[in-house]
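The block underneath contains the structure these notes are about, expressed in structure tokens.
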Amino acid sequence: MQRQHVIQLEDVIELLKESALRLKNSMPGGNYRDLQPLANIVGDAHIVAFGEATRGNHEFFMLKHRCLEFLVREQGFTLLAIEDGLCEVECVNHYVLTGEGDPKELLNGLLSWTWKTQEMLDVIEWMREYNKQRGEKPALQLLGLDMQSCTLAMINVLNYIGYVDADAVSEITDLYQAFGEYTDDLELYSNETIQVKQTCWSQLQRVHDLLVERRATYEKSSSHEAFAYALQCAQIVLQAEEMYSRHDFSLRSRSMAENVAWHLAQYEYEARICIWTHNGHAAAASANAQPRTLGSYLNEMYGNDLVSFCLLLGSGTFNAEDRSQPGKIITPAVGLAPQQSYEALFGAVGLPRLLIDLQGLPDVPYQWIQNPHCYRLIGAAYTPQLEKQCWATVCLPDVFDAVMHVQEGTPSRLLNAIQPAVEAPRQLTAKNLKGPRNLRFEAGLAFWQWKTPQGYTCEIETTFAYRGHVCAYLQSTATLTAETSWLGQMLPSDLYRQRRIRLSANVKARNVTGYAGLWMHIGNADGHLSVDDMSARPIVGTRDWARYEIVLDVSAISSYIQFGLALSGSGQVWIDDVQLETVSTEVPLTGNIVARDN
Numbered sequence: 003m004q005r006q007h008v009i010q011l012e013d014v015i016e017l018l019k020e021s022a023l024r025l026k027n028s029m030p031g032g033n034y035r036d037l038q039p040l041a042n043i044v045g046d047a048h049i050v051a052f053g054e055a056t057r058g059n060h061e062f063f064m065l066k067h068r069c070l071e072f073l074v075r076e077q078g079f080t081l082l083a084i085e086d087g088l089c090e091v092e093c094v095n096h097y098v099l100t101g102e103g104d105p106k107e108l109l110n111g112l113l114s115w116t117w118k119t120q121e122m123l124d125v126i127e128w129m130r131e132y133n134k135q136r137g138e139k140p141a142l143q144l145l146g147l148d149m150q151s152c153t154l155a156m157i158n159v160l161n162y163i164g165y166v167d168a169d170a171v172s173e174i175t176d177l178y179q180a181f182g183e184y185t186d187d188l189e190l191y192s193n194e195t196i197q198v199k200q201t202c203w204s205q206l207q208r209v210h211d212l213l214v215e216r217r218a219t220y221e222k223s224s225s226h227e228a229f230a231y232a233l234q235c236a237q238i239v240l241q242a243e244e245m246y247s248r249h250d251f252s253l254r255s256r257s258m259a260e261n262v263a264w265h266l267a268q269y270e271y272e273a274r275i276c277i278w279t280h281n282g283h284a285a286a287a288s289a290n291a292q293p294r295t296l297g298s299y300l301n302e303m304y305g306n307d308l309v310s311f312c313l314l315l316g317s318g319t320f321n322a323e324d325r326s327q328p329g330k331i332i333t334p335a336v337g338l339a340p341q342q343s344y345e346a347l348f349g350a351v352g353l354p355r356l357l358i359d360l361q362g363l364p365d366v367p368y369q370w371i372q373n374p375h376c377y378r379l380i381g382a383a384y385t386p387q388l389e390k391q392c393w394a395t396v397c398l399p400d401v402f403d404a405v406m407h408v409q410e411g412t413p414s415r416l417l418n419a420i421q422p423a424v425e426a427p428r429q430l431t432a433k434n435l436k437g438p439r440n441l442r443f444e445a446g447l448a449f450w451q452w453k454t455p456q457g458y459t460c461e462i463e464t465t466f467a468y469r470g471h472v473c474a475y476l477q478s479t480a481t482l483t484a485e486t487s488w489l490g491q492m493l494p495s496d497l498y499r500q501r502r503i504r505l506s507a508n509v510k511a512r513n514v515t516g517y518a519g520l521w522m523h524i525g526n527a528d529g530h531l532s533v534d535d536m537s538a539r540p541i542v543g544t545r546d547w548a549r550y551e552i553v554l555d556v557s558a559i560s561s562y563i564q565f566g567l568a569l570s571g572s573g574q575v576w577i578d579d580v581q582l583e584t585v586s587t588e589v590p591l592t593g594n595i596v597a598r599d600n
């Protein structure tokens, strides 16, 4: 019997050598002739999910990038969704759409280290370049699916409320306060009493309900798109609360599927979306299979409109977070594939990269593949000593439509040593914000963003307010002037183009040894067009409240206006009663036009 089984397996391998499709190249760009079979596998499906056996593999990134280019250029896909925070990824998407910001810094604002790679940066830059040259075609967008963190989602809701209904900011802030105490470590929330959880849930649900009740008014004050995004941010908070309240991480799969549905709904289900996730999430099992996966929910919701690809690795190395030392990245080698595993079978075909349509195989290979076999499942964290636990048994054609196998893998190229996610700037992108808001700080620091290097702080207070009850300040105990802290807002220049504008504010200083002053930058994706940072007339020493101003022209080719307060060196500086207004051309300019090379 054993000899008969070996011969049968050899027959399967020989038949796969004839039916497997060789992927000649893993490098993005070039022609896509070897990827043409993807068109038949994908068909008319609107959702294509790419899983992967490990999270930190260079070859997987390259292969998915190349498939993305093909699906965009040949199949009309316009959305790429990744397994990271919905709100955090939106910050990167703003760069993809506008070119504004530093993509490397924005990547560092994502929640998972797995996306902070040169390969992902290359994907983002390719998407940006495509958008610059797309003509009348729809723009590519980068989207997030996850909801394991909700800090930025809460900030986004508060920012939106501050824009459309400043009087309601205090009400929403109070409703978010109780749950907000846990957002730095939501695992603690799982251990709270049922009374605490019921209170938090009812308050979070009230925020969502208030938005729905005020939809008509809020949409008139902003836009349909801005309201929809704010409402979804409120939903992200509810999703996180439910998962951690019940300590049931299978709810994450359901929530991510709901977020896919929300993204598609914004385009009335006409857009086509590509999803990058893990094989464990991409597997489109039936609704009866447990635990439920993202693919399982999507399969239930969309049926044949979903196509799932499984990416497998035969040998080589990869990046992973050391499960025994969180925060430490290791580069282990994958273990030897068991003889009866899918990896062993596909590796025996002998191709560096192959594609197999699991739904279109000859009978003999299909019969073997249809039987349960093990395949590798390694997440973002890994313990080499427990490698045997990283295998799962599955009937591959039951949960995937196609498989891609890479014979030899190498680690992804990390941009930096692993770091905690950087809190995304507290700002609204162009689609949310039409003009400056909260200029007297009555809504705290809503709508403002800030940079505070080590030794600097940015806060609000009521003791020294110039007008009203609140003002903001920057403070430093630093004596070096190489680092500068700032507080500011950024908004699209649409309302001000080809006009002269004046930024003015009341400023108070105490013991400033370096430099303090208002600043304003006007520019576009290529850089600043005109600037004034009061460097020629700095605020130094100790000064009581006084009015300062900056006057600049807004170029016709500008896309943004940035303004605020800066402090370098030691001391403290307060700001209140900020105003941004258009003025006559008779009002003299205070800043300079930035010279550009022709």
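The working numbering puts the first residue of the sequence shown at 3, with every later residue one more than the last.
C-beta atoms are modelled at their ideal positions from N, C-alpha and C, and glycine is treated no differently.
Only a predicted model underlies this, so the values are computations on that prediction, with no experimental measurement involved.
Quick one: what does DSSP say residue i is sitting in, helix, strand or coil?
i	result
residue 64	helix
residue 102	coil
residue 453	strand
residue 375	strand
residue 252	helix
residue 48	coil
residue 440	coil
residue 75	helix
residue 532	strand
residue 397	coil
residue 87	strand
residue 223	helix
residue 196	helix
To the nearest angstrom, how far is the alpha carbon of residue i from that of residue j?
i	j	result
residue 119	residue 508	43 Å
residue 540	residue 379	59 Å
residue 123	residue 181	34 Å
residue 583	residue 503	5 Å
residue 359	residue 168	55 Å
residue 276	residue 286	15 Å
residue 573	residue 320	48 Å
residue 217	residue 229	7 Å
residue 546	residue 467	12 Å
residue 580	residue 548	12 Å
residue 422	residue 211	Annotation note: pLDDT 39 at residue 422 (below 50); position unreliable, no value reported.
residue 58	residue 313	13 Å
residue 337	residue 14	23 Å
residue 568	residue 25	54 Å
residue 166	residue 236	15 Å
residue 372	residue 33	33 Å
residue 526	residue 501	16 Å
residue 135	residue 42	28 Å
Have a look at the DSSP bridge pairing and note the partners of residue i.
i	result
residue 511	545, 575
residue 1	For the chain, the structure presents residues 3 to 600; residue 1 sits outside this window and is missing.
residue 343	None, per the DSSP bridge assignment.
residue 521	566
residue 406	313, 357
residue 318	411
residue 34	For residue 34, which the question treats as bridged, DSSP gives no partner whatsoever.
residue 494	562
residue 488	453, 568
residue 24	356
residue 278	52, 84
residue 458	478
What residue from the options has the CA that sits closest to residue i's CA?
i	options	result
residue 388	349, 443, 326	326
residue 558	588, 497, 592	497
residue 551	200, 522, 569	522
residue 295	74, 256, 190, 47	256
residue 252	292, 76, 530	292
residue 308	288, 113, 553	288
residue 60	469, 566, 111, 408	408
residue 54	171, 39, 278, 111	278
residue 329	383, 362, 576, 298	383
residue 401	283, 556, 490, 206	283
residue 345	299, 395, 324	395
Under a CB-based cut-off of 8 Å, is residue i close to chain D?
i	result
residue 95	The structure shown has no chain D; it contains just one protein chain.
Is residue i near the ligand FAD, with its Cβ less than 7 Å from a heavy atom?
i	result
residue 260	Of ligands this structure carries none, so the ligand FAD is not represented either.
Worksheet item: Can at least three beta-carbon pairs, one atom from the stretch 233-247 and one from the stretch 146-156, be found at a separation below 8 Å?
Response: yes
Discussion item. I want to know whether the stretch 43-55 touches the stretch 260-277 - three or more CB-CB distances under 8 Å.
Written reply: yes
Discussion item. Can you confirm whether the stretch 344-359 touches the stretch 17-28 when touching is taken to mean that 3 or more C-beta pairs between the two stretches lie within less than 8 Å?
Written reply: yes
Fill in: the stretch 63-78 touching the stretch 88-105, judged by at least three CB pairs closer than 8 Å
no
Item to complete: Could you tell me whether the stretch 523-543 touches the stretch 454-466, using the rule of 3 or more Cβ pairs below 8 Å?
Response: no
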